[in-house]
Each structure stands twice: as C-alpha cells, then as structure tokens.
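Colleague: Just so we're aligned, residue 1 is where the sequence shown starts under this note's numbering, counting upward by one.
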Amino acid sequence: MQYTMPSRVLTNLLLPDIDENIDERIVALSPPVSADPLDPGMEAIFTLLLSSGGIRLSIPLFATGISVRTRKRLSEYTRMLEASVPVLMCLASGMPVTARAFMNKQEVSPDPGFIVDLSLGDGGYLRLGIPTEFFGAFMRLPCGTSEPDSIEEGIVTFFLRHRACFPHTGVLIDCLPPRDLEGMFHSLLVRGLLSAYQASLLIRAFPESAGRIRSALPASLVKDGAGLIETRRLRISQRDMAGGVYSVDEALFRLLHEASPPGVLRAFRGLRTIISELRLSRSLPEGDFWSFCESSAPTGALYEAIGLCGEYTSRIAFSGAPDSFATALRSCVSGRAADELLSAGNHGVGMNELLEAKTRFAAALRRSHVRRGIRGRTDIGYLLSCLNAPVDFDTLLVEAGWFRIATSLKGVRGEPRRRLLEGVARPARYLIEDMLDGTINPDILHDEARIRSAGVELSECILELYERGAIRLSAQCRLFYPSSKRRSSLYRP
1 MQYTMPSRVL TNLLLPDIDE NIDERIVALS PPVSADPLDP GMEAIFTLLL
51 SSGGIRLSIP LFATGISVRT RKRLSEYTRM LEASVPVLMC LASGMPVTAR
101 AFMNKQEVSP DPGFIVDLSL GDGGYLRLGI PTEFFGAFMR LPCGTSEPDS
151 IEEGIVTFFL RHRACFPHTG VLIDCLPPRD LEGMFHSLLV RGLLSAYQAS
201 LLIRAFPESA GRIRSALPAS LVKDGAGLIE TRRLRISQRD MAGGVYSVDE
251 ALFRLLHEAS PPGVLRAFRG LRTIISELRL SRSLPEGDFW SFCESSAPTG
301 ALYEAIGLCG EYTSRIAFSG APDSFATALR SCVSGRAADE LLSAGNHGVG
351 MNELLEAKTR FAAALRRSHV RRGIRGRTDI GYLLSCLNAP VDFDTLLVEA
401 GWFRIATSLK GVRGEPRRRL LEGVARPARY LIEDMLDGTI NPDILHDEAR
451 IRSAGVELSE CILELYERGA IRLSAQCRLF YPSSKRRSSL YRP
C-alpha cells in the first residue's frame, strides 16, 4: 500500500476510474521513476494537455501488449477525462485547470520527468508520463525537485494536509463548463445547502463571473436573493461576502464526501479513498509504538484494545515486539494468551499488513483511553479546553462544520468559548461570531435541547478525531489519565 501510494494518487488524479472505464483490472502500479516515456516499443494512445494560466503541460499515455478492445475503450475514455481531470486538478491545486486529450500524439515535455507503469490483468501495461514541472506547478514542490524519493514524499505530504482537496467555490466557477456548474448548484439546492442569500453573496463576491453564476442558478433564486437584500435593507460588506463564500465552500465539501457524489464530482471518490488511507497510515502515535502500548498496560487500556481489535489484528500488530512489551502484555493477559498473541514473530507478515495492523491497534488504544477517561467528562466545554494547536481547531472546523460549532457554542461560556473563536481562522470565524450575535440566521431559534444536542455531536466529533489520530489533546486532559479505580434561514446549516 505505502510503496505504491504516490502512484495511486497520480493515477487517480490524471486517469480517474480508468479500470471501470476500460473494463480492465489494474493489478500493479510502479512507483514514479525518472525515465523517458518514449520507449520505441510502446504505442502512443493519447496526450492530455493541461492548461492553467500560463502553464501548459503534456501528460502522454502509452501502451504495449493491449487488446484492440482496450485500445478502443481508451479512446472513448478521453471524453470522460476532459470533464473529470479539470475538477480533480482544481480541487487538488486550488487553481482553475482545463484538459484536452489528443489521440495518437507523442507530444511530451522537453523534460520527460517521471513515468508510472500500470500493469493490466489481461496482460500488457500502460505508461503514464509526467513532466517534472507538474509537481512544482500543481503541488508546490520546490523547483528543481527531480529525485524520485523526493517526489514521492512531496506527493504524500501534499495530500496529507488536513485541508487537502477542500473546495474553493470561486475556482470551480472558473473551471466548470456551464452545464456542470449548473449541476453543482442544483445538487446544493436540492439538499438545502444553498439559499437565495448565499447565491446573492456569490454573485457579489465574484463580479467577473457574475454572468456565469446567474446563468447556472434558477432565475427565481437570484430574484429572491436580490429582493431579500433590498427588503431587509442589508448593507453587504466584504466580511459578509467572505463568510458567504466560505459557507458554500463547506457545503461543497459535504457534497464531495457523500457516499456517491453527484455529477462530475463523482470522479473524486478514488482520490478521497486514497487520502483517507494516507491519513490512516500516518496516524500512528508520535514516538515509539511499543512504549505507547506498554504505558497502556497498567490502566487496562491495552487489554481493552486487544478486545476492540480482535486477536488476528492484534497478533499481526505485535509482530517483532521487544521483550519489554512482552512483559507488559503478560501483566494484563494470561501467559498462554500472551504467547498466542506474540506467535506471529517476524515471519510471514508483509510490511503493508503490519503497518495497517499497527495503525488500527493504535486507534483502538486511543479509543480505549477515551472510553476509560470519558465518564463524567463529556461536556463540550471541557473537551474544547483540551485543544491547543491551531491545526486541531481547523481540523475540527472542517469535520464538524461552522454551523454545528456555532450552535454548540451557544451553550459554552468563558475561556473554552474564547479559545475556540480565536483558534478558528477567518472567514469561518465571521460566520460563527455573527450567528452567536444574531446577525445572521436571526430567525433560527435554538432551544436548550437543540444546543445541548449540538454540544454532544461536537463532543463525539472531537473524540472520533482523537481516536483516528487526526487531532491531539493536551497532556492535561484527564482522558489520558484514568485513575486505577476506574480500571475494570439566511444560511443553510
């Protein structure tokens, strides 16, 4: 998994859903290697020309040993690529990108850069050529980066960002053709994620694209938005527009993370899965895995984590365990059970399988610590006080959403409320502050039950993020130290 992860990212970014579209199983991916893709023995299938501002890059695809049927399907596949790749590149890079496919063309960059080979289940393979400039232009890798190891690490780091592929409405407005833009707005409308007021804010925020936005929205919605602003005599500020645009960005984020995103956004599914796997693989605790396990034995968390993970996963995770861990394990399970759990040794366990098992076991340990320390400490104010790093506040914002945070903060006072508001970056902070002040959504009244429910939901979100290793809680948080006695209408939300 880890060995081919950068290749999987590149393939899902530049050749999304290729296996489904050519009806061929991709059985293996090579890592990105520095080489000239123009092998005399390979046949040119097409070249994908990516354009963004003054950037023009050619991405050639070659093949060898493929059937006539597969070659025909690849030709038909280019029509889907021209629609899907711009969306994925816009989401990944935050830049408007266009893509055009040229059949049987051997156009490549002066610097051939890197290749990724895709082995097909029925024999033969495809070769994707990627110029070095691609990584600097769209992934912000330093100019001159040309070593395969540096490229791989750069790709992983880029997509590990907690806001990787967070949508920017303005970029998508510039990027999508009229029909797809209309479909995107329609998907938001039917889900109650776009109001007339938000539509008016978009038109004002992007005056150079106002015509495209109006054409993609129902005329009645545009009219209602303008009428609302006039009737209420609203004076729209830059702050209002920034908050309105962010609210639509966040709504699009929810749309992208549906089980099956609608329309052209469906192509994001493969990249979304890879980003989740990347984060899972990097969620192991900082420092030594074994010391984390050993320190959990006295509290009973180690024993509980074994139960949560199951014997099979635990046995793989314990492969190659040091003697100190074996001693700790025997302090909480019987000698016979410990021998069984340690029986995998270093033999017969692959690196990918071991990494995944350790990652899942670490998550189970965190879950166990939460379960044991959570009694009586579920109030949202206390959990918010356990957050420190700006990245953790922003991760919570992305996962929970500004509306849920604002609703729950109506039941929080004092220092935890102040710290969260300071920790959330603008323009999301504008939305939360204005909702707390009653400036926006004044018609939405939250009773105590609804506020309490939002607080519980936000608490569960914080604990889930901690269990996944997505956020860190302060060392003073009592979740980490269970005592021995505990052992055994303007906006759419």
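Note that CB positions come from ideal geometry on N, CA and C, so glycine has one too.
Using CA coordinates, which residue listed in V87, F318, P218, R266 is at the minimum distance from D174?
Modeller: Mapped onto the sequence shown, residue 174 falls at position 174. Among V87, F318, P218, R266, the Cα nearest to that of D174 is on V87.
Colleague: According to DSSP, is A35 helix, strand or coil?
Modeller: Locating residue 35 in the sequence shown gives position 35, counting from the first residue. A35 falls in the coil class under three-state DSSP.
Colleague: What does the alpha-carbon distance come out to for the pair R450 and I26?
Modeller: For the purposes of this step, residue 450 is taken as the residue at position 450 of the sequence shown. For the purposes of this step, residue 26 is taken as the residue at position 26 of the sequence shown. Taking the straight line joining both Cα atoms gives about 49 angstroms.
Colleague: Please tell me whether L355 and I471 are closer than 8 angstroms, where the distance is taken between their beta carbons.
Modeller: Working through the sequence shown from its first residue, we reach residue 355 at position 355. Working through the sequence shown from its first residue, we reach residue 471 at position 471. Not in contact: L355 and I471 (Cβ atoms no closer than 8 angstroms).
Colleague: For F318, which three-state DSSP category applies?
Modeller: Reading the sequence shown from its first residue, position 318 is the one you call residue 318. In this structure, F318 counts as coil in the three-state DSSP scheme.
Colleague: What is the residue span of the alpha helix (DSSP H) that R100 lies within?
Modeller: Walking along the sequence shown from the start, residue 100 turns up at place 100. Premise fails: R100 lies in the beta strand (DSSP E), 98 to 103, not in any alpha helix (DSSP H).
Colleague: Please give me, in chain order, every unbroken run of the alpha helix (DSSP H) with length at least 4 that falls completely inside the segment 182 to 242.
Modeller: Fully enclosed alpha helix (DSSP H) runs of 4 or longer: 196 to 205, 210 to 216, 219 to 231.
Colleague: Please report the residue range of the alpha helix (DSSP H) in which R272 lies.
Modeller: To locate residue 272, count along the sequence shown from 1; it is residue 272. R272 -> alpha helix (DSSP H) spans 268 to 281.
Colleague: Can you give the Cα-Cα distance for R73 and L172, rounded to whole angstroms?
Modeller: Taking the first residue of the sequence shown as position 1, residue 73 is located at position 73. Taking the first residue of the sequence shown as position 1, residue 172 is located at position 172. Distance between the alpha carbons of R73 and L172: 28 angstroms.
Colleague: Here's a check: name, in chain order, each residue in its chain whose Cβ is nearer than 8 angstroms to the Cβ of A226, leaving out the five neighbours to either side.
Modeller: Start at 1 with the first residue of the sequence shown, and residue 226 comes out as number 226. S200, listed in sequence order.
Colleague: Taking one C-beta from the segment 333 to 342 and one from the segment 414 to 427 each time, how about it: are there three or more such pairs within less than 8 angstroms?
Modeller: Segments in contact, no.
Colleague: Rounding to the nearest angstrom, what Cα-Cα distance links R413 and R239 in this structure?
Modeller: As a first step, residue 413 must be located in the sequence shown, where it is residue number 413. As a first step, residue 239 must be located in the sequence shown, where it is residue number 239. So the alpha carbons of these two residues sit roughly 25 angstroms apart.
Colleague: Quick check: the segment 95 to 106 against the segment 150 to 165, are there 3 or more CB pairs under 8 angstroms?
Modeller: No, the segment 95 to 106 is not in contact with the segment 150 to 165.
Colleague: In the segment 128 to 155, which residue ranges form an unbroken beta strand (DSSP E) of at least 3 residues, counting only runs that do not cross its ends?
Modeller: Complete beta strand (DSSP E) runs here, min 3: none at all.
Colleague: Does DSSP put F46 in a helix, in a strand, or in coil?
Modeller: Residue mapping note: residue 46 aligns to position 46 of the sequence shown, counting from 1. The answer is strand: DSSP assigns F46 an E or B state.
Colleague: What's the call for P498, buried or exposed, on a 16-neighbour Cβ count within 10 Å?
Modeller: Outside the displayed span of the chain (1 to 493) sits residue 498, for which this structure offers no information.
Colleague: Ignore the nearest five residues each way along the sequence and tell me which others in S260's own chain have a CB closer than 7 angstroms to its CB.
Modeller: Counting from 1 along the sequence shown, the entry for residue 260 is found at position 260. For S260, where only same-chain residues beyond five positions count, the Cβ hits under 7 angstroms are R266.
Colleague: Once DSSP output is grouped into helix, strand and coil, what is the label at L61?
Modeller: Taking the sequence shown and counting its residues from 1, one reaches residue 61 at position 61. Correct three-state label for L61: strand.
Colleague: Do you know whose CA, among Y466, V398, S324, V391, lies nearest Y246's CA?
Modeller: The residue you call residue 246 lines up with position 246 of the sequence shown. Of Y466, V398, S324, V391, the residue nearest in Cα terms is V398.
Colleague: If you draw a straight line from the C-alpha of L217 to the C-alpha of I274, how long is it?
Modeller: Stepping through the sequence shown from its first residue, residue 217 is reached at position 217. Stepping through the sequence shown from its first residue, residue 274 is reached at position 274. Between L217 and I274, the C-alpha separation is close to 33 angstroms.
Colleague: Compute the Euclidean distance between the alpha carbons of V424 and R191, then round it to the nearest angstrom.
Modeller: By one-based count along the sequence shown, residue 424 stands at place 424. By one-based count along the sequence shown, residue 191 stands at place 191. So the two alpha carbons sit approximately 26 angstroms from each other.
Colleague: Taking the alpha-carbon of R360 as reference, which of W290, E467, D379, P177 has the nearest alpha-carbon?
Modeller: Translated into positions along the sequence shown, residue 360 becomes position 360. Of W290, E467, D379, P177, the residue nearest in Cα terms is E467.
Colleague: With three or more beta-carbon pairs closer than 8 angstroms as the criterion, would you say the segment 202 to 211 touches the segment 117 to 136?
Modeller: No contact exists between the segment 202 to 211 and the segment 117 to 136.
Colleague: Taking C-alpha atoms, which residue in A400, P322, I462 lies nearest to Y382?
Modeller: Translated into positions along the sequence shown, residue 382 becomes position 382. Looking at the Cα atoms, I462 is the closest of the given residues.
Colleague: I think V33 touches P148, with their Cβ atoms under 8 angstroms apart; what is that distance to the nearest whole Å?
Modeller: Here residue 33 corresponds to residue number 33 of the sequence shown, with the count starting at 1. Here residue 148 corresponds to residue number 148 of the sequence shown, with the count starting at 1. With a Cβ gap of about 6 angstroms, V33 and P148 count as contacting.
Colleague: Going by DSSP, what residue range makes up the beta strand (DSSP E) through D117?
Modeller: The residue given as residue 117 occupies position 117 in the sequence shown. From DSSP, the beta strand (DSSP E) with D117 extends over 114 to 120.
Colleague: The beta strand (DSSP E) spanning V68 covers which residue range?
Modeller: Your numbering for residue 68 matches position 68 in the sequence shown. Not the beta strand (DSSP E): V68 falls in the alpha helix (DSSP H), residues 68 to 93.
Colleague: Report the CB separation of I432 from L409 in whole angstroms; it is logged as a contact under 8 angstroms.
Modeller: By one-based count along the sequence shown, residue 432 stands at place 432. By one-based count along the sequence shown, residue 409 stands at place 409. About 7 angstroms separates the two Cβ atoms, so the contact holds.
Colleague: Considering only their Cβ atoms, is the gap separating R272 from L256 smaller than 8 angstroms?
Modeller: In the sequence shown, residue 256 corresponds to position 256, counting from 1. In the sequence shown, residue 272 corresponds to position 272, counting from 1. Closer than 8 angstroms, so yes.
Colleague: How would you label R8, buried or exposed, when you count the other beta carbons within 10 angstroms and need 16 or more for buried?
Modeller: Counting from 1 along the sequence shown, the entry for residue 8 is found at position 8. R8 should be labelled buried.
Colleague: State the DSSP-derived secondary structure class of I462, mapped to helix, strand or coil.
Modeller: The residue labelled residue 462 in the question sits at position 462 within the sequence shown. DSSP places I462 in helix when its eight states are reduced to three.
Colleague: From the DSSP output, in three-state form, read off V56 for me.
Modeller: As a first step, residue 56 must be located in the sequence shown, where it is residue number 56. Reading off the sequence, residue 56 comes out as Arg, not Val. DSSP places R56 in strand when its eight states are reduced to three.
Colleague: Express the C-alpha separation of E448 and D249 in angstroms, rounding to a whole number.
Modeller: Taking the first residue of the sequence shown as 1, we reach residue 249 at position 249. Taking the first residue of the sequence shown as 1, we reach residue 448 at position 448. Approximately 29 angstroms between the Cα atoms of the pair.
Colleague: DSSP state of S51, grouped into three classes?
Modeller: Within the sequence shown, residue 51 is the residue found at index 51, counting from 1. Correct three-state label for S51: strand.
Colleague: Tell me which residues share the same chain as F138 and place their Cβ nearer than 6 angstroms to its Cβ, disregarding the 5 neighbours each side in the sequence.
Modeller: Stepping through the sequence shown from its first residue, residue 138 is reached at position 138. The residues are S93.
Colleague: Can you round the beta-carbon distance between E457 and S368 to whole angstroms, since I take them to be within the 8 angstroms contact cut?
Modeller: For the purposes of this step, residue 457 is taken as residue 457 along the sequence shown, with counting starting at 1. For the purposes of this step, residue 368 is taken as residue 368 along the sequence shown, with counting starting at 1. Actually they are not in contact, since the Cβ atoms of E457 and S368 sit about 22 angstroms apart, beyond 8 angstroms.
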